[in-house]
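In terms of this note's numbering, the sequence shown has 169 at position 35, counting the first letter as 1, and numbering is strictly consecutive. Ideal placement from N, C-alpha and C gives every residue a C-beta, glycine not left out. Quick caveat, the model's predicted, so the values are computed rather than measured. Read the structure below first, then the notes.
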Amino acid sequence: MLLGFQAQAHEMTPAYPKFGYSHIKGVSVTKMLLWNRRDDASYYQIGVFTGDWKEIPFASMQKLIKVKHTKKYPFEVYIRNVDLERVSYICTSSKSFKGEGRRTIITSRICSKVK
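Written out as structure tokens, the structure reads:
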């Protein structure tokens with residue numbers, strides 16, 4: 135028996151973000167945009183990683199963001215300049231919570247490769 139289903143994930147741009155100067159000394163920033171294409175998920179967690187997937191400390195207004203279905207959410211990621219050489223990926227992962235009603239078994243993780 136074959137089961138057909140359509141897989142949908144969220145999207146994040148730019149695909150290759152670049153960090154620039156911020157208003158904070160010793161810290162760089164990049165701007166990102168998350169678009170939620172999933173009707174079964176509305177929470178997304180931001181993460182910053184090295185090339186071998188080790189977490190790098192970062193700052194953002196929110197590390198867990200709520201985005202309604204078909205809506206976009208702009209956010210900024212701040213990195214200390216001493217960590218810039220180690221940054222390889224900025225990712226968002228879908229999260230589900232008990233109180234959301236419908237539970238999803240599919241988790242999506244989208245990453246942008248830092249130049």
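Checklist entry - Just reading off the beta strand (DSSP E) that Pro191 is part of, what are its end residues? => result On the sequence shown, position 57 is the one that residue 191 refers to. No beta strand (DSSP E) holds Pro191; DSSP gives it neither H nor E.
Next on the checklist: Could you give the first and the last residue of the continuous beta strand (DSSP E) run that contains Arg214?
Outcome noted: Position 80 of the sequence shown, counted from the start, is the residue given in the question as residue 214. Its beta strand (DSSP E) spans residues 206-214.
Checklist entry - Taking Cβ positions, are Ile199 and Gln179 nearer each other than 9 Å? => result Residue mapping note: residue 199 aligns to position 65 of the sequence shown, counting from 1. Residue mapping note: residue 179 aligns to position 45 of the sequence shown, counting from 1. Against a cut-off of 9 Å, the Cβ pair of Gln179 and Ile199 comes out as a contact.
Checklist entry - What number of angstroms, rounded off, separates the C-alpha of Thr147 from the C-alpha of Lys205? => result Along the sequence shown, one-based indexing puts residue 147 at 13. Along the sequence shown, one-based indexing puts residue 205 at 71. If you draw a straight line from the Cα of Thr147 to the Cα of Lys205, it is about 14 Å long.
Next on the checklist: For Ile244, tell me which candidate among Val216, Asp186, Val182 has the shortest Cα-Cα distance.
Outcome noted: Numbered from 1 along the sequence shown, position 110 holds the residue referred to as residue 244. Taking only the C-alpha atoms, the option nearest Ile244 is Val182.
Checklist entry - When we look at the beta-carbon of Leu168 and count the other beta-carbons within 10 Å, is it buried (16 or more) or exposed? => result As a position in the sequence shown, residue 168 is number 34, starting the count at 1. Result: buried.
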